[in-house]
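*Asks:* Residue numbers (my numbering): 1 to 281.
Glycine is no exception: its CB is placed at the ideal position from the N, C-alpha and C atoms.
As the structure is a prediction and not an experimental result, all values here were calculated from the model.
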């Protein structure tokens with residue numbers, strides 16, 4: 001287990017999450033780019049936007065070409081059609097790499113973005129140098145699966161739920177205050193249709209690529225918070241045991257938005273992951 005740094009450093013890093021300038025690909029995917037060097041693509045989760053990676057962009061762009069992308073139907077990116085499954089989101093990511101003329105990249109995803117990054121590693125792994133799976137799910141138990149499918153089914157009727165995610169994703173600790181406020185802001189900005197499509201794909205995607213980890217030969221980091229009730233430490237360790245070069249890192253006393261509530265530790269772990277040669281781990 002890893003213990004987070006000071007509240008002062010955490011708040012300062014998280015406060016960097018103001019609006020970031022974007023460019024768009026020909027097909028309408030919005031992204032922010034910073035730094036130079038080996039490419040690192042960052043994919044956020046459902047209801048968020050690329051600014052959710054602000055602490056990582058600021059830190060990792062010192063040594064890498066960091067590209068944070070708005071997921072379809074989020075931020076300023078074009079939507080995918082209603083009924084799109086996780087496979088369509090993975091195909092979208094492959095097209096994004098094509099449009100950016102990136103032959104190989106490191107990819108880090110958070111939550112739904114983790115599912116996309118894992119799907120990319122499983123289906124076009126020759127293009128993925130390293131994969132980081134932050135707060136991602138793996139084979140939910142029947143109770144958890146029923147709950148997330150129920151939430152997905154309710155969205156077209158009740159709209160975007162804001163209080164539920166905040167309750168699941170954050171504790172009452174001081175490190176979470178600023179991150180919670182930012183997350184609520186982003187949930188208020190999200191397009192309801194884009195959110196509904198992504199959440200349905202997220203709800204049904206926990207097993208889509210679950211069998212693929214045994215064939216992922218790139219260094220694979222599985223990171224979550226010790227108190228994340230949905231993307232659990234057990235899930236992270238199970239996936240790490242399957243991936244030939246997989247390993248798990250658990251941040252003590254943090255929940256789902258660990259990259260915002262414990263950015264110093266997450267940045268350090270991502271820097272460690274990026275330092276591994278493709279034949280290591």
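1) Assuming contact is defined by CB atoms lying nearer than 8 Å, are residue 217 and residue 236 in contact in what I supplied?
2) Is any heavy atom of the ligand ATP found at a distance shorter than 7 Å from the C-beta of residue 57?
3) Evaluate residue 33 with the Cβ neighbour count: other Cβ atoms within 10 Å of its Cβ, from every protein chain shown; 16 or more gives buried, anything less gives exposed.
4) Could you say if the segment 108 to 123 and the segment 150 to 166 meet the contact criterion of at least three C-beta pairs nearer than 8 Å?
5) Between residue 78 and the rest of its own chain, which residues show a CB-CB distance below 6 Å, the 5 nearest in sequence each way excluded?
6) Do the segment 43 to 55 and the segment 178 to 193 touch if we need at least three Cβ pairs shorter than 8 Å?
7) At the level of alpha carbons, what is the spacing between residue 52 and residue 276?
8) Chain D beta carbons: is any one of them nearer than 8 Å to that of residue 34?
9) Pick helix, strand or coil for residue 24, following the three-state DSSP scheme.
10) Put residue 128 into one of helix, strand or coil per three-state DSSP.
11) Going by alpha carbons, who is nearest to residue 122 out of 261, 210 and 60?
12) Are residue 99 and residue 26 touching if we call contact CB-CB under 8 Å?
13) Pairs of beta-carbons, one from the segment 135 to 142 and one from the segment 233 to 247, closer than 8 Å: are there three or more?
14) Give me the Cα-Cα distance between residue 41 and residue 256, rounded to the nearest whole angstrom.
15) Does the segment 164 to 180 come into contact with the segment 252 to 269, if we say contact requires no fewer than three beta-carbon pairs (one atom in each stretch) closer than 8 Å?
16) Look up residue 102 in the DSSP assignment and say whether it is helix, strand or coil.
17) List in chain order: all unbroken alpha helix (DSSP H) runs of 4+ residues lying wholly within the segment 128 to 210.
18) Which stretch, first to last residue, makes up the alpha helix (DSSP H) that contains residue 113?
19) Buried or exposed: where does residue 13 fall if 16 or more other Cβ atoms within 10 Å of its Cβ makes it buried?
20) Drop a sphere of 10 angstroms on the beta-carbon of residue 130, count the other beta-carbons inside from all chains shown, and report buried for 16 or more, exposed for fewer.
21) Just the Cα atoms here: how many angstroms apart are residue 231 and residue 219?
22) Starting from the C-beta of residue 208, find all residues in its chain whose C-beta is less than 6 Å away, skip the five residues before and the five after it, and write them out in chain order.
23) When you compare only the Cα positions, how much space is there between residue 194 and residue 119?
24) Would a C-beta distance cut-off of 8 Å place residue 221 and residue 114 closer than the cut-off?
25) So, is residue 261 buried or exposed, given that buried needs 16 or more other C-beta atoms within 10 angstroms?
*Replies:* On the basis of the supplied data:
1) Here the question's residue 217 lines up with position 217 in the chain shown. Here the question's residue 236 lines up with position 236 in the chain shown. No, they are not a contact pair.
2) Among the components of this structure there are no ligands whatsoever, and the ligand ATP is therefore not found.
3) Position 33 of the chain shown, counted from the start, is the residue given in the question as residue 33. Under the 10 Å beta carbon count, residue 33 is surrounded by 16 or more other beta carbons and is classified as buried.
4) no
5) Numbered from its first residue, the chain shown carries residue 78 at position 78. These residues qualify, in order along the chain: 28.
6) yes
7) Within the chain shown, residue 52 is the residue found at index 52, counting from 1. Within the chain shown, residue 276 is the residue found at index 276, counting from 1. Looking at the two C-alpha atoms, the distance is approximately 25 Å.
8) Protein chain content of the structure displayed is limited to a single chain, and chain D is not contained in it.
9) Here residue 24 refers to the residue found at position 24 when the chain shown is read from its first residue. The three-state secondary structure of residue 24, taken from DSSP, is strand.
10) To locate residue 128, count along the chain shown from 1; it is residue 128. In this structure, residue 128 counts as strand in the three-state DSSP scheme.
11) As a first step, residue 122 is located in the chain shown; it is residue number 122 there, counting from the start. Cα-wise, what sits closest to residue 122 is 210.
12) Counted from its first residue, the chain shown places residue 99 at position 99. Counted from its first residue, the chain shown places residue 26 at position 26. Yes, the Cβ-Cβ distance between residue 99 and residue 26 is below 8 Å.
13) yes
14) Stepping through the chain shown from its first residue, residue 41 is reached at position 41. Stepping through the chain shown from its first residue, residue 256 is reached at position 256. Taking the straight line from one Cα to the other gives about 20 Å.
15) Short answer: they touch.
16) Residue mapping note: residue 102 aligns to position 102 of the chain shown, counting from 1. Residue 102: coil per DSSP, three-state reduction.
17) 142 to 158, 163 to 169, 177 to 189 and 192 to 203
18) For the purposes of this step, residue 113 is taken as the residue at position 113 of the chain shown. It spans 112 to 123 - the alpha helix (DSSP H) in which residue 113 sits, taken as one unbroken run.
19) Stepping through the chain shown from its first residue, residue 13 is reached at position 13. In this prediction, residue 13 has a pLDDT of 44, which is less than 50 and means its spatial position is unreliable; what the coordinates show is noted afterwards. Classification for residue 13: buried.
20) The sequence position of residue 130 within the chain shown is 130, counting from 1. Looking at its Cβ environment, which holds 16 or more other Cβ atoms inside 10 Å, residue 130 is buried.
21) Here residue 231 is taken as the residue at index 231 of the chain shown, counted from 1. Here residue 219 is taken as the residue at index 219 of the chain shown, counted from 1. Their backbone Cα atoms lie some 20 Å apart in a straight line.
22) Along the chain shown, one-based indexing puts residue 208 at 208. Around residue 208: 86.
23) Counted from its first residue, the chain shown places residue 194 at position 194. Counted from its first residue, the chain shown places residue 119 at position 119. Each residue's Cα considered, the two are about 20 Å apart.
24) For this step, residue 221 is matched to residue 221 along the chain shown. For this step, residue 114 is matched to residue 114 along the chain shown. Taking 8 Å as the Cβ cut-off, residue 221 and residue 114 do not qualify as a contacting pair.
25) Within the chain shown, residue 261 is the residue found at index 261, counting from 1. Buried, since its Cβ has 16 or more Cβ neighbours within 10 Å.
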